[in-house]
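If you're matching positions, the sequence shown starts at 92 in my numbering and goes up one per residue. Glycine included, each C-beta is placed from N, C-alpha and C at the ideal position. Structure first, then comments.
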Amino acid sequence: MEKVKIVLYGVGAVGSLIAKTLLEKEGVEIVGAVDIAEHKVGRDLGEVLGLSRKLGVKISSDVNAVLSQVKANIAVHATSSFFKDTYPQIGLIVKHGVNVVSTCEEVSYPYFTEPKLAMKLDSLAKKYKVTVLGTGINPGFLMDTLVIMLTAVCQKIEKIEAVRVMNAATRRVPFQKKIGAGLTVEEFKRRIENKQITGHVGLEQSIAMIADALKWNLDRITAEGVEPVIAKQPLESASTKVWAGEAAGLRQRAKGILNNKEIIVLDFQAYVGAEEEYDAVTIEGVPSVRQKIQPCVHGDIGTAAIVSNSIPKVINAPAGLLTMKDLPVPSATLVNMRKYVKTSSRKLH
Ligand SMILES: NC(=O)c1ccc[n+]([C@@H]2O[C@H](COP(=O)([O-])OP(=O)(O)OC[C@H]3O[C@@H](n4cnc5c(N)ncnc54)[C@H](OP(=O)(O)O)[C@@H]3O)[C@@H](O)[C@H]2O)c1
C-alpha cells in the first residue's frame, strides 16, 4: 500500500508538533517542507524538529519548487491566522493539484470575513479537483464542530453557550505572550489597540459555522473587545511572572444575535492562574444538554491531532473549500493512515 504523501507548509510551533505526530503514524510520509524563517531554510527537517536523526527532507522557502519536485497528496498548512494572508499560499498549493488542511483560524469558516475570496478558493479547488479544509482545536472543534454535534440530540433549541477556560501557566511562552500575561493593564490595552496582541482569532467563525449548520439566519455576530483578566494576587508560571494588578491573560466573548436575542454565546478565557480549566457547552432546549470536559483539551496537542486525523477525511471528500461541518463525524486515526482513505479515492496517486 502506498503511503499518504504530505508536504508541511509552515514549520513553526504547531507545524512542528503536527510533523512529530505524523512521524509516529504508519502509512504516511513527509515528502517536503516549506518555511520562510531564515534559520530553518536549507536545514534538514529532523534537525529543525530537534530529532536526533535526519529525515532527508530539506526545508525550502520555495513552495513551487517543492510541489513540482515531489508527488504530494496533501499539504499541512500552518503559517498564520488571517485568510487574506493565507489565500495566496493556499491558492498556490491548490494549483499544484494538492489537497490542503490548514490551521489558519479564518479558513475554518472563511465565508465570514472574506466571502468573495472564499468563493474564489472554492472554485479554484473544484477546478483542480482538490479539497481545502481549515481546522484545529478552536476554531475547528471545541466551540463549533462539537457544539454542532451536540445539537443532534435536540428537538428545539433556545440558546447555545460554549465556554473555554485555560490556565496559561501550563502553556508555552509564545502563547503566554500572545495573551498578554505579565503586562500592565495600560500596556495590554496599548498592544490590543495597535494589534501587537490579536487575542484569540475564530470566535466569529465558530458562531457562523454553528449558525450555518442550524440554518439560523442571524441578525448579526458581535465580538466584544479583548479584555485583560487582572491578577488579584502575584502569580507565577515556569517562565512568566504576573504581579497583582497586572494582566494575567485575556477574556473574549462573541455573540450570535437572532430576533434581538443572544442565541449563541462563546466565551474564551486564557490566563495564568485559572483555577479550573474546562471546555463546556450548554444547550438550552428540548432536551437541554450540558457537557463539560475537565480539564480543557490541550490546545497544541489537540490541534496536532485533529489536523492529522482530518487528513484521510480531506482526501476522501469531494473537491472544494469545505468546513468541518461538511465532513463526516471527526474521529482519530490510530492505525495505518491508508486504512482510512477510501480505495476509490481519485485523489491518491
Ligand atoms: N485553529 C486552531 O485551533 C489553531 C491552533 C493552533 C495554531 N493555530 C494557528 O496556526 C498558525 C501557526 O501557528 P504556530 O504557533 O505554528 O505559528 P508560528 O510558530 O509563528 O509558525 C509559523 C511558521 O510559518 C512560517 N511562515 C510564515 N509565513 C510563511 C509563508 N508565507 N510561507 C512559509 N512559511 C511561512 C513562519 O516563519 P516566520 O517565523 O519567519 O514568520 C513560522 O516558521 C497560527 O496562525 C496559529 O494562530 C490555529
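**Prompt:** By Cβ distance below 7 Å, which residues in the same chain neighbour G182 in space, the five residues on each side in sequence not counted?
**Reply:** Residue 182 sits at position 91 when you count from the first residue of the sequence shown. Cβ neighbours of G182 beyond the five flanking positions: L212 and L215.
**Item:** Limits of the unbroken alpha helix (DSSP H) element including K207
**Value:** Here the question's residue 207 lines up with position 116 in the sequence shown. Run containing K207: P206 to K218, per the alpha helix (DSSP H) assignment.
**Asked** Helix, strand or coil: how does DSSP classify R144 here?
**Response** The sequence position of residue 144 within the sequence shown is 53, counting from 1. Residue state, collapsed to three classes: coil.
**Item:** Where I392 falls, given that 16 or more other Cβ within 10 Å makes a residue buried
**Value:** Translated into the one-based positions of the sequence shown, residue 392 becomes position 301. Burial call: exposed.
**Prompt:** With distances taken between CB atoms, is the gap from A338 to L274 smaller than 7 Å?
**Reply:** Here residue 338 is taken as the residue at index 247 of the sequence shown, counted from 1. Here residue 274 is taken as the residue at index 183 of the sequence shown, counted from 1. In this structure, L274 lies closer than 7 Å to A338 by Cβ.
**Item:** Spatial distance of V377 from G411 (CA atoms)
**Value:** Counting from 1 along the sequence shown, the entry for residue 377 is found at position 286. Counting from 1 along the sequence shown, the entry for residue 411 is found at position 320. Answer to the nearest angstrom: the Cα atoms are 35 Å apart.
**Request:** Could you tell me whether any non-hydrogen atom of ligand 1 is closer than 6 Å to the CB of E196?
**Result:** For the purposes of this step, residue 196 is taken as the residue at position 105 of the sequence shown. For ligand 1, at least one heavy atom lies less than 6 Å from the Cβ of E196.
**Message:** Contact between the region 318 to 336 and the region 223 to 240 is defined here as three or more beta-carbon pairs at a separation below 8 Å; is this criterion met?
**Reply:** no
**Message:** Within 10 Å of its beta-carbon, does Q385 have 16 or more other beta-carbons around it, so buried, or fewer, so exposed?
**Reply:** Translated into positions along the sequence shown, residue 385 becomes position 294. Exposed.
**Message:** Does the structure place the region 157 to 172 close enough to the region 110 to 129 that three or more beta carbon pairs sit under 8 Å?
**Reply:** yes
**Prompt:** Between P230, R342 and Y200, which lies nearest to A361 when the distance is taken from Cα to Cα?
**Reply:** What you label residue 361 is simply residue 270 of the sequence shown in a count that begins at 1. Selected option, being the one with the closest Cα: R342.
**Asked** Does the beta-carbon of K383 have 16 or more other beta-carbons within 10 angstroms, so that it is buried, or is it exposed?
**Response** Mapped onto the sequence shown, residue 383 falls at position 292. Classification of K383: exposed, given that the 10 Å Cβ count is below 16.
**Prompt:** Since I270 is in the beta strand (DSSP E), which residue starts that stretch and which ends it?
**Reply:** The sequence position of residue 270 within the sequence shown is 179, counting from 1. For I270, no beta strand (DSSP E) run applies, since DSSP gives it neither H nor E.
**Request:** Could you pull the start and end residues of the beta strand (DSSP E) that F174 belongs to?
**Result:** Here the question's residue 174 lines up with position 83 in the sequence shown. Note, F174: premise wrong, no beta strand (DSSP E); alpha helix (DSSP H) at F174 to K186.
**Message:** Quick check on the DSSP output: what are the complete alpha helix (DSSP H) runs of length 4 or more inside the region 337 to 415, in order along the chain?
**Reply:** 390 to 407
**Message:** Spatial neighbours of A253 within its chain, please: C-beta separation below 6 Å, excluding the five flanking residues on both sides.
**Reply:** Reading the sequence shown from its first residue, position 162 is the one you call residue 253. So the list reads M234, V238, L357 and V372, once near-sequence residues are dropped.
**Request:** Could you check which residue in R255, P319, K250 and T313 has the C-alpha nearest to that of G271?
**Result:** In the sequence shown, residue 271 corresponds to position 180, counting from 1. The candidate whose alpha carbon is nearest that of G271 is P319.
**Request:** State yes or no: is the C-beta of V432 within less than 7 Å of the C-beta of P403?
**Result:** Indexing the sequence shown from 1 puts residue 432 at position 341. Indexing the sequence shown from 1 puts residue 403 at position 312. Going by C-beta atoms, V432 is nearer than 7 Å to P403.
**Asked** If you check the beta carbons only, do G290 and V264 fall under 7 Å apart?
**Response** Indexing the sequence shown from 1 puts residue 290 at position 199. Indexing the sequence shown from 1 puts residue 264 at position 173. Their beta carbons are not under 7 Å apart, which means G290 does not touch V264 by this criterion.
**Message:** Assuming I282 is part of the alpha helix (DSSP H), what are its boundary residues?
**Reply:** The residue labelled residue 282 in the question sits at position 191 within the sequence shown. Residue identity differs from the one stated: residue 282 is Arg in this sequence, not Ile. Its alpha helix (DSSP H) spans residues V276 to E284.
**Request:** For my contact list, E205 and K186 are in at a C-beta cut-off of 8 Å; report their separation, rounded to the angstrom.
**Result:** Walking along the sequence shown from the start, residue 205 turns up at place 114. Walking along the sequence shown from the start, residue 186 turns up at place 95. The Cβ separation is near 19 Å, so there is no contact.
**Prompt:** Among F203, I397 and T261, which residue has its Cα nearest to the Cα of N308?
**Reply:** Numbered from its first residue, the sequence shown carries residue 308 at position 217. Here the closest residue by C-alpha is F203.
**Prompt:** Sorry if obvious, but does the Cβ on A163 come closer than 6 Å to a heavy atom of ligand 1?
**Reply:** Position 72 of the sequence shown, counting from 1, holds the residue named residue 163. Result no, Cβ not under 6 Å from ligand 1.
**Prompt:** Using CA coordinates, which residue listed in A260, E278 and G347 is at the minimum distance from S297?
**Reply:** For this step, residue 297 is matched to residue 206 along the sequence shown. Answer by Cα proximity: G347.
**Request:** Along the alpha helix (DSSP H) that carries M240, what are the first and last residues, could you check?
**Result:** Here residue 240 refers to the residue found at position 149 of the sequence shown. Per DSSP, M240 belongs to the alpha helix (DSSP H) from T236 to L241.
**Asked** Residues bridged to N190 by DSSP?
**Response** Mapped onto the sequence shown, residue 190 falls at position 99. N190 is bridged to I165.
**Request:** Please check the pair S199 and G118, which I expect to be a contact at CB under 8 Å, by giving their CB distance rounded to whole angstroms.
**Result:** Residue mapping note: residue 199 aligns to position 108 of the sequence shown, counting from 1. Residue mapping note: residue 118 aligns to position 27 of the sequence shown, counting from 1. Contact doesn't hold; Cβ gap of about 26 Å is too wide.
**Asked** Should L108 go down as buried or exposed, given a rule of 16 or more other Cβ atoms within 10 Å for buried?
**Response** Looking up residue 108 in the sequence shown gives position 17. The C-beta of L108 has 16 or more other C-beta atoms within 10 Å across all chains shown, which makes the residue buried.
**Asked** What are the partner residues of K332, as DSSP defines its beta bridges?
**Response** The sequence position of residue 332 within the sequence shown is 241, counting from 1. Looking at the DSSP assignment, K332 forms a beta bridge with E327.
**Asked** Going by alpha carbons, who is nearest to N351 out of E249, A166 and V148?
**Response** Taking the sequence shown and counting its residues from 1, the one referred to as residue 351 is at position 260. Measuring from the Cα of N351, the nearest candidate turns out to be E249.
**Prompt:** Applying the criterion that 16 or more other CB atoms from any shown protein chain within 10 Å of the CB defines a buried residue, is H168 buried or exposed?
**Reply:** Translated into positions along the sequence shown, residue 168 becomes position 77. The residue in question, H168, is buried, as its Cβ has 16 or more Cβ neighbours within 10 Å.
**Asked** By Cβ distance below 7 Å, which residues in the same chain neighbour A314 in space, the five residues on each side in sequence not counted?
**Response** As a position in the sequence shown, residue 314 is number 223, starting the count at 1. L294, E295 and A345.
**Request:** Locate the alpha helix (DSSP H) running through I156, then write down its first and last residues.
**Result:** Sequence index remark: in the sequence shown, residue 156 carries index 65 (1-based). According to the sequence provided, residue 156 is Ala. The question's Ile does not apply to it. Start and end: V154 to Q160.
**Prompt:** To which residues of the same chain is T177 closer than 8 Å at the C-beta, ignoring the five residues directly before and after it?
**Reply:** Position 86 of the sequence shown holds residue 177. Excluding sequence neighbours, T177 sits near H168, T170, S171, S193, C195, E197 and V198.
**Prompt:** N258 and G364 look like a contact to me (Cβ under 8 Å); what is the Cβ gap, rounded to whole Å?
**Reply:** Taking the sequence shown and counting its residues from 1, one reaches residue 258 at position 167. Taking the sequence shown and counting its residues from 1, one reaches residue 364 at position 273. With 8 Å as the limit, N258 and G364 qualify as a contact, their Cβ atoms being about 7 Å apart.
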